[in-house]
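Visitor: Have a look at the structure that comes next, please.
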Amino acid sequence: MKVLVLNCGSSSIKYQFIETEIGTALAKGAVERIGMASAILTHAPRNGEKIRIVGEILDHKIAIEYVIAVLLSKNHGVIKDVNEIDAVGHRVVHGGETFSGSVLITDEVMRALKENIELAPLHNPANIKGILAAKEHMPDKPQVAVFDTAFHINMPPKAYLYGIPYTLYKKYKIRRYGFHGTSHRYVSKRAATRLGKPVEELKIITAHLGNGASMAAIKEGRSIDTSMGFTPLEGLLMGTRVGDMDPSVILYIIGKEELSIMEANTLMNKHSGLLGISGESSDMREIEEAVAEGNKRAKNAFDVFTYRIKKYIGAYTAAMGGLDALVFTGGIGENSQLVRKSVCENMEYLGIKLDDKLNETANGEAVISSEDSHVKVMRIPTNEELVIALDTEKIVNDILKGKE
Ligand code: ADP
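Residue numbers for the sequence shown follow the numbering used here, beginning at 177 and rising by one.
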């Protein structure tokens, strides 16, 4: 099946056109700066040359029109007819408490998505816009929603409840949801396959470390706890997000600096994290370079980042009553041998022993712990788009079977 996977943000759409049988993208690309006169479309066919087009793209509907046009284009396209797109899979950030798995998008699902807007005011409206635009261009094609939150939604109450009055949880649905669920699900399954064991028999910690970063405790194939919370702000230190912090800190800053709620939100989401501590960059590569040059604040940022991951490993090992595999993924998890090394340092008592050589040379899916390490430490590149395409295929096939 050929699935168009869309990840719609407020001013961007990332896409991959995936052939599920071979598990690869026939083409991928992005439209950025939607709403501006100089929007940019980049498109890379699997076996062709990458192109870049700059022009006015005023909304998501026009952006998707361009994506379809470039997929069909004579010189750079990968299909001859729009009907070669069998289905569309959408990444949707927040499924609230409503969705515990991927679903075919129906009118009822659209209503539920709209109800969840309040929970993700930055992301869900853009996801909805993308769905509506795709429906307009491809009204006959099945559209499927795959949620970032779904994998975590069956965590036990002891993991998802905050210590606020229960009535507020009930009234406003304030609880831990967790994000990056598609990635945590995918890499934990890949890890089990690599280890040759059913995921149902394993205790796995997954660390998705990108600009946004989160960890999950996955016991017997289910997420029982995760570090992001009501929003993606909680947990690990991130590129520009603050992560765990005494909530009073923000009240204190609001008072002292006379910030509005919006300004406080921007402070915690955009000016904190690696960038906030280092004052240099939100990008781990640049942080590592600055550390190598002896920059003390960059070193502080690096240390806070890795120390917090270490703490979560301890916490989640205790939560699961043991640990079989520790998986690193995401831009930093996959590429920074320094981060992996620092996180795993002095963890022998927990059964974690990194093999320095394997860590330095790791490529693709790889075990990077030493032979005698009780816990298998792994590098597994994530592939959220493939999961979205495969979920879409499964849902569409199930519907077709039901019609037989
Ligand atoms: P996003 O969360 O936006 O998808 P990515 O998963 O692409 O982000 O991760 C981006 C992060 O990965 C950046 O901090 C970047 O510096 C880091 N990164 C990428 N390559 C390397 C590398 N070779 N060494 C260290 N960090 C890297």
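Ideal Cβ positions, reconstructed from N, Cα and C, are used throughout, including at glycine.
A quick note: this is a predicted structure, and the numbers were derived from the prediction, not measured.
1) Just checking, does the segment 315-322 make contact with the segment 564-576 on the three C-beta pairs under 8 Å criterion?
2) With a threshold of 8 Å, are at least 3 pairs of Cβ atoms found where one atom belongs to the segment 496-514 and the other to the segment 381-394?
3) Please classify Ile340 as buried or exposed, where buried requires at least 16 other C-beta atoms within 10 Å of its C-beta.
4) DSSP puts Ile233 in a beta bridge; with which residues?
5) If you measure from the CB of Ile508, is any heavy atom of the ligand GTP nearer than 7 Å?
6) Just the Cα atoms here: how many angstroms apart are Tyr483 and Pro374?
7) Could you check if Ala213 is buried or exposed, using at least 16 other CB atoms within 10 Å of its CB as the buried criterion?
8) Here's the rule: buried if 16 or more other CB atoms are within 10 angstroms of the residue's CB, otherwise exposed. What is Ser516?
9) Between Glu462, Glu521, Lys472, which has its C-alpha nearest Gly490's C-alpha?
10) Does the structure place the segment 414-427 close enough to the segment 539-546 that three or more beta carbon pairs sit under 8 Å?
11) Within 10 Å of its beta-carbon, does Pro297 have 16 or more other beta-carbons around it, so buried, or fewer, so exposed?
12) When the Cα atoms are used, what is the spatial distance from Val179 to Asn471?
13) Alpha carbons only, please: which of His447, Lys237, Leu450 is nearest the one belonging to Glu312?
14) Short check: CB of Ala239 to CB of Val207, under 8 Å?
15) Could you spell out where the beta strand (DSSP E) holding Leu182 opens and where it closes?
16) Between which two residues does the alpha helix (DSSP H) holding Ser359 run?
17) Looking only at its own chain, which residues have a Cβ that is under 8 Å from the Cβ of Val480, when we skip the five neighbours before and after it?
18) By Cβ distance below 6 Å, which residues in the same chain neighbour Ala495 in space, the five residues on each side in sequence not counted?
19) Given Val285, which residues of its chain have a CB within under 7 Å of its CB, disregarding the five upstream and five downstream residues?
20) Which term fits Pro315, buried or exposed, when burial requires 16 or more other beta carbons within 10 angstroms of its beta carbon?
21) Of all the alpha helix (DSSP H) runs that stay within the bounds of the segment 414-448, which reach a length of 4 or more residues?
22) Report buried or exposed for Ile261, applying the criterion of at least 16 other Cβ atoms within 10 angstroms of its Cβ.
23) What are the boundary residues of the alpha helix (DSSP H) that Tyr483 is part of?
24) Is Ser518 near the ligand ADP, in the sense that its beta carbon is under 7 Å from a heavy atom of that ligand?
25) Helix, strand or coil: how does DSSP classify Pro333 here?
26) Is there contact between the segment 270-279 and the segment 214-227, where contact requires at least three CB pairs shorter than 8 Å?
27) For Lys204, which residues in the same chain have their Cβ closer than 6 Å to its Cβ, ignoring the five residues on either side in sequence?
28) Could you check the C-alpha separation between Met460 and Met523 for me, to the nearest Å?
29) Cα separation between Thr196 and Val425?
30) DSSP three-state call for Met314: helix, strand or coil?
31) Can you tell which of Phe355, Lys349, Tyr348, Ile381 has the C-alpha that lies nearest to the C-alpha of Ser364?
32) Helix, strand or coil: how does DSSP classify Gly205 here?
33) Terminal residues of the continuous alpha helix (DSSP H) containing Gly119?
34) Could you name the residues that DSSP lists as bridge partners for Gly265?
35) Alpha carbon to alpha carbon, how far is Thr325 from Ser188?
36) Pick out whichever of Lys379, Asn223, Leu409, Thr218 has its Cα sitting closest to the Cα of Tyr242.
Guide: Taking the coordinates as given:
1) The segment 315-322 and the segment 564-576 touch, with no fewer than 3 CB-CB distances between them shorter than 8 Å.
2) yes
3) Burial call: exposed.
4) Met212
5) Inclusion of the ligand GTP in the displayed structure is not the case, the ligand content consisting of the ligand ADP alone.
6) 31 Å
7) exposed
8) Looking at the sequence provided, one finds Arg at residue 516 rather than Ser. Classification of Arg516: buried, given that the 10 Å Cβ count is 16 or more.
9) Glu521
10) Short answer: they don't touch.
11) exposed
12) 46 Å
13) When each option's Cα is compared against that of Glu312, the closest is Lys237.
14) yes
15) 178-184
16) 357-371
17) Leu413, Ile453
18) Listed in chain order, the non-local C-beta contacts of Ala495 below 6 Å within the same chain comprise Ala393, Asp401, local neighbours out to five positions each way being set aside.
19) These residues qualify, in order along the chain: Val279, Ala321.
20) So Pro315 counts as exposed.
21) 423-433, 437-446
22) buried
23) 472-496
24) no
25) helix
26) Per the Cβ contact rule, the segment 270-279 is not in contact with the segment 214-227 (fewer than 3 Cβ pairs under 8 Å).
27) Gln192, Ala220
28) Between Met460 and Met523, the C-alpha separation is close to 23 Å.
29) 47 Å
30) coil
31) Ile381
32) Here Gly205 sits in strand by DSSP.
33) Any question about residue 119 goes unanswered here, given that the chain covers just 177 to 580.
34) Val181, Val320
35) Distance between the alpha carbons of Thr325 and Ser188: 21 Å.
36) With respect to the C-alpha of Tyr242, the residue from Lys379, Asn223, Leu409, Thr218 having the closest C-alpha is Thr218.
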